[in-house]
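J.: This is the structure I have questions about; it appears just below.
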Amino acid sequence: MKKKTKRKNVRMNNKKIDRETSKSNIDNREEKNKEKKEKNINKIKIIIVIIILTLILIYAAYIVIKLVKNPTNTFIVTNGKISQEESENGYIIREETVVKGKNYKNGMVKIKNEGEKVAKGDSIFRYYSSGEEDLKKKIADLDVEIQQIMQNEQGVFLGDIKLLDNQIEKELNSIYGVNNIQKIQEYKKNINSYISKKAKISGEYSPAGSYLKQLLSQKENLENQLNSDSEYIDAPESGIVSYRVDGLEDVLKPDDFNSLDKNFLENLNLKTGQTVTSSEEMGKIINNYQCYIIFNSDTDEAKTAQVGTIIKVRLQNSDIIKAEIENIIDEQDGSRTITIKMTNDVEKLISYRKISLDIIWWDAEGFRIPNDAIREENGLAYVVRNRNGYYNKMLVKILRQNDEYCIVRQYKTEELKELGFENKEIYNMKNIALYDEIVINPTEEQMLQ
């Protein structure tokens, strides 16, 4: 009985195992089928994406080919400015007078600052005198001793001294925040003058007055000696002071522009934009009313330029100023060396001999449109306007034109009659206006509408 029960249990376990095995196999098949479906779906997605990208590329290629064959971009008419410019290197020519004294080896003290305007006869700078440092030290020592005597004198509080103290304090307060050397020297000179006056007054009333007078006399003698031995250099004429002396003052001068040709200027071997170094031995006076710039060019504008023509130049500081053509040299290589005269920004160029600048031959302002929008017919210029899909051919007069754009306007009635147009044609003619949509590279079909 036990054996039958045991065999029965074994059969039941086997059936259970078979059922579980069968279920597991079913689950595996379902999972594999699911994975297979997902792979198929991903493949379909990839194929769809590839098809879409291919269509996009085909369409983009079609648009590019269409635009290359027949560009139909448009441009909105606005007020604009165009110019014809070129960048060149120019040599600066000035009226300069070098000033130099006998004692230039002693070193110099600048009285006037670089770029400062002076009148004829004004002292520009002075040379140190022999033994100046020793004299200055003796004067400084006397100042210290005089101050000590004045501080030790009690009871000398006269109204004049109080007034001088106030003036000294005022000058000291004025020095703070001042960067101008000349102003500082003026304040210092005034302070020393007030101190000397104060010392003289104290010497009249104090017990040590006789000794104080003696010290003041010694100081005055030393100062006179210092001033008498110094060599002061005055301005021979009015103009701008500069200490940037390079030895070319008598070479690059406006006496004979025809001698300053291309080869001569190039042989100077000057570097563009290089600052002229300051001299510690001499200075010069520059005419601040005008200067000249010489440049060489082989452009069409340079070849047709004429003396007396007014142009514009853009300097390296971005200032745009007017200039007049003063002289022209026709070079053997076909280029031209042109001298222009400037009456503005002269003081801003005193640090240089050779600069880069932009020559603005002309500029114009008005209705600005691209050159690609212009079409010609019977010698007249036209543009095509697009208004809501309707195209109109409009006659325009070109005022100025550079490599990319032109400035245009509509013709006047008198001008159209001179060109042979009838009144009816003029009446029906479409005129260009602000914010019109102009077709770039119009087709023949658009021109005929």
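All residue numbers for the sequence shown refer to my numbering, where the first residue is 2 and numbers rise by one. C-beta atoms are modelled at their ideal positions from N, C-alpha and C, and glycine is treated no differently. Remember, it's a predicted structure, so these values are computed and weren't measured experimentally.
Would you say I294 faces chain C, with C-beta separation under 8 angstroms as the test?
T.: The question asks about chain C, but that chain is absent: this structure has only one protein chain.
J.: With distance defined between alpha-carbon atoms, name the residue in G284, K349, I351 and N104 nearest to S131.
T.: N104
J.: Going by CA-CA distance only, name the one from D256, K263, I53 and V384 that's closest to M448.
T.: V384
J.: Which one of E446, V440, N442 and L435 has the shortest CA to CA distance from V78?
T.: L435
J.: In angstroms with no decimal places, state the Cα-to-Cα distance between I329 and F258.
T.: 9 angstroms
J.: Helix, strand or coil for Q291, going by three-state DSSP, please let me know.
T.: coil
J.: Within the same chain, show all residues whose beta-carbon is closer than 7 angstroms to that of K40, passing over the 5 residues directly before and after it, in chain order.
T.: None.
J.: Rank A61, S319, S280 and E332 by C-alpha distance to the C-alpha of K101 and give the top, closest one.
T.: S280
J.: What's the call for A141, buried or exposed, on a 16-neighbour Cβ count within 10 Å?
T.: Around the beta carbon of A141, fewer than 16 other beta carbons lie within 10 angstroms, which makes this residue exposed.
J.: With 16 other CB atoms within 10 Å as the buried threshold, where does P237 fall?
T.: The residue in question, P237, is exposed, as its Cβ has fewer than 16 Cβ neighbours within 10 Å.
J.: Straight-line CA distance for Y188 to S352?
T.: Caution applies to Y188, whose pLDDT of 49 falls short of 50 and renders its modelled position unreliable; the model cannot decide the point.
J.: Kindly indicate which three-state DSSP category Q447 falls into: helix, strand or coil?
T.: helix
J.: Using alpha carbons as the reference points, say which of S231, Y293 and I241 lies closest to D256.
T.: Y293
J.: For the alpha helix (DSSP H) containing A303, name the first residue and the last one.
T.: D301 to K304
J.: Counting C-beta neighbours from all protein chains within 10 Å, is the total for V252 16 or more, i.e. buried, or is it exposed?
T.: Sixteen is the threshold: since fewer than 16 other Cβ atoms of the shown chains lie within 10 Å of the Cβ of V252, the residue is exposed.
J.: I286 to I83, Cα distance in whole Å?
T.: 40 angstroms
J.: Determine the contact status of L400 and R410, defining contact as a CB-CB distance below 8 angstroms.
T.: yes
J.: Starting from the C-beta of Q155, find all residues in its chain whose C-beta is less than 8 angstroms away, skip the five residues before and the five after it, and write them out in chain order.
T.: The predicted model places Q155 with a pLDDT of 47, which falls under 50 and marks its position as unreliable, so this point remains unresolved.
J.: Exposed or buried, L350, counting other C-beta atoms within 10 Å across all chains shown (16 or more means buried)?
T.: With 16 or more other Cβ atoms from the protein chains shown falling within 10 Å of its own Cβ, L350 counts as buried.
J.: Between the Cα of N442 and those of M430, I375, G108 and T338, spot the shortest distance and give me the residue it belongs to.
T.: A check of alpha carbon separations from N442 across M430, I375, G108 and T338 identifies I375 as the nearest.
J.: Can the beta-carbon of Y244 be found less than 8 angstroms from the beta-carbon of K111?
T.: yes
J.: Distance, Cα to Cα, S124 vs T340?
T.: 34 angstroms
J.: When DSSP labels each residue in this structure, what does K118 get in the three-state scheme?
T.: K118: strand per DSSP, three-state reduction.
J.: Identify, in the order they occur along the chain, each residue of the same chain with its Cβ nearer than 6 angstroms to the Cβ of D320, setting aside the five sequence neighbours on each side.
T.: D346
J.: I'd like the span of the beta strand (DSSP E) that includes T340, first residue to last.
T.: R337 to M343
J.: For the beta strand (DSSP E) that contains E378, what are its first and last residues?
T.: R376 to E378
J.: Can you tell me which of I42, T98 and E86 puts its alpha carbon nearest to the alpha carbon of M283?
T.: T98
J.: For Y233, count the other beta carbons within 10 Å of its own beta carbon; 16 or more makes it buried, fewer makes it exposed. Which is it?
T.: exposed
J.: Evaluate the contact criterion for the region 358-378 versus the region 389-408: three or more CB pairs, one atom per stretch, below 8 angstroms.
T.: yes
J.: Beta-carbon within less than 6 angstroms of I51's beta-carbon, same chain only, minus the 5 sequence neighbours each way: which residues are those?
T.: none
J.: Distance check for A303 and G451, CA to CA, integer angstroms please.
T.: Outside the modelled stretch of the chain, which goes from 2 to 450, sits residue 451, for which no answer is possible.
J.: Taking C-alpha atoms, which residue in I57, E332, Y428 and I408 lies nearest to F265?
T.: Taking only the C-alpha atoms, the option nearest F265 is E332.
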